[in-house]
Amino acid sequence: MKTVLLVHSPDAAFLAGLPALLRDRPWAEHASRIAVQLPVAPPAVSAAAPPCDAVIEIWSEEPVAALVAADAALAGAWLDIRISDEVVGKHGSGAPPPGVTPGLSQLSFIEAIASLPRAEAERHWSEHIPLANAVHVGMERYVQDRLSPAWEGSAPWFGIAHLHFPDEAALRDGLFRSQEDIDLIVADVAEFVASHATITAIEHVVKG
Numbered sequence: 662m663k664t665v666l667l668v669h670s671p672d673a674a675f676l677a678g679l680p681a682l683l684r685d686r687p688w689a690e691h692a693s694r695i696a697v698q699l700p701v702a703p704p705a706v707s708a709a710a711p712p713c714d715a716v717i718e719i720w721s722e723e724p725v726a727a728l729v730a731a732d733a734a735l736a737g738a739w740l741d742i743r744i745s746d747e748v749v750g751k752h753g754s755g756a757p758p759p760g761v762t763p764g765l766s767q768l769s770f771i772e773a774i775a776s777l778p779r780a781e782a783e784r785h786w787s788e789h790i791p792l793a794n795a796v797h798v799g800m801e802r803y804v805q806d807r808l809s810p811a812w813e814g815s816a817p818w819f820g821i822a823h824l825h826f827p828d829e830a831a832l833r834d835g836l837f838r839s840q841e842d843i844d845l846i847v848a849d850v851a852e853f854v855a856s857h858a859t860i861t862a863i864e865h866v867v868k869g
């Protein structure tokens with residue numbers, strides 16, 4: 662089971678300390694793997710606010726959402742907690758070991774077309790995987806997190822696409838090689854995506 666937490670907090674020190682904080686939480690003993698995605702500094706001029714301030718990923722055999730939600734150490738943040746049906750589109754070299762993962766993650770939060778049944782949106786997204794692997798040539802790892810439905814007060818994200826690149830050059834030059842690449846991706850996601858928001862992050866593996 663994979664639990665995904667979208668973290669909202671104005672406290673920069675709290676966010677920077679998340680990897681160390683999560684390592685020692687009592688519920689962490691139930692997790693087989695924990696990772697934190699911390700966004701890099703946004704551009705000086707940004708068209709939109711980021712969808713969240715950090716993303717926590719927890720893999721476990723048993724549900725941990727209630728334990729995490731009740732953790733007083735996280736009470737200073739607003740948590741949007743979802744269960745993920747994780748689909749790995751490209752394994753790369755496998756799960757990174759504990760520590761800071763070299764390279765950069767691009768996380769794209771997607772909202773599905775409201776009139777599209779969830780099963781249809783998931784089918785389109787599955788069919789998107791070969792195209793993503795063909796177009797994003799610099800990408801070494803690709804994961805789709807198909808999130809449990811939004812609850813009242815949370816953002817309407819249907820899923821998160823996690824594209825990991827080994828370094829900044831691979832992201833810059835290997836996300837898209839041409840306008841044709843961009844057009845292919847845009848046309849394909851238009852079949853099931855109503856809107857999206859993207860952040861670039863550094864992955865911190867807390868436990869693995």
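In this note's numbering, the protein residues as written are 662 to 869.
Virtual Cβ for every residue (Gly too), placed ideally from N, Cα, C.
All of these numbers come straight from a predicted model, not from anything done at the bench.
Asked	Found
First through last residue of the alpha helix (DSSP H) which encompasses residue 833	829-835
Secondary structure of residue 866, DSSP reduced to three states	strand
Cβ shell of residue 794 (< 6 Å), same chain only, five flanking positions each side left out	751
Backbone CA spacing between residue 719 and residue 693 [nearest angstrom]	8 Å
Beta bridge counterpart(s) of residue 695 as assigned by DSSP	719 and 868
Pair within 8 Å by beta-carbon distance, residue 769 and residue 696	no
Closest by C-alpha distance to residue 681, when choosing among 846, 701 and 734	734
Three-way DSSP call (helix, strand, coil) for residue 810 in this model	coil
Bounding residues of the alpha helix (DSSP H) (the contiguous stretch that carries residue 823)	Premise fails: residue 823 lies in the beta strand (DSSP E), 820-826, not in any alpha helix (DSSP H).
Best match in 741, 717, 688 and 781 for proximity to residue 816 [C-alpha to C-alpha]	741
For residue 691 and residue 859, the rounded distance between their alpha carbons	30 Å
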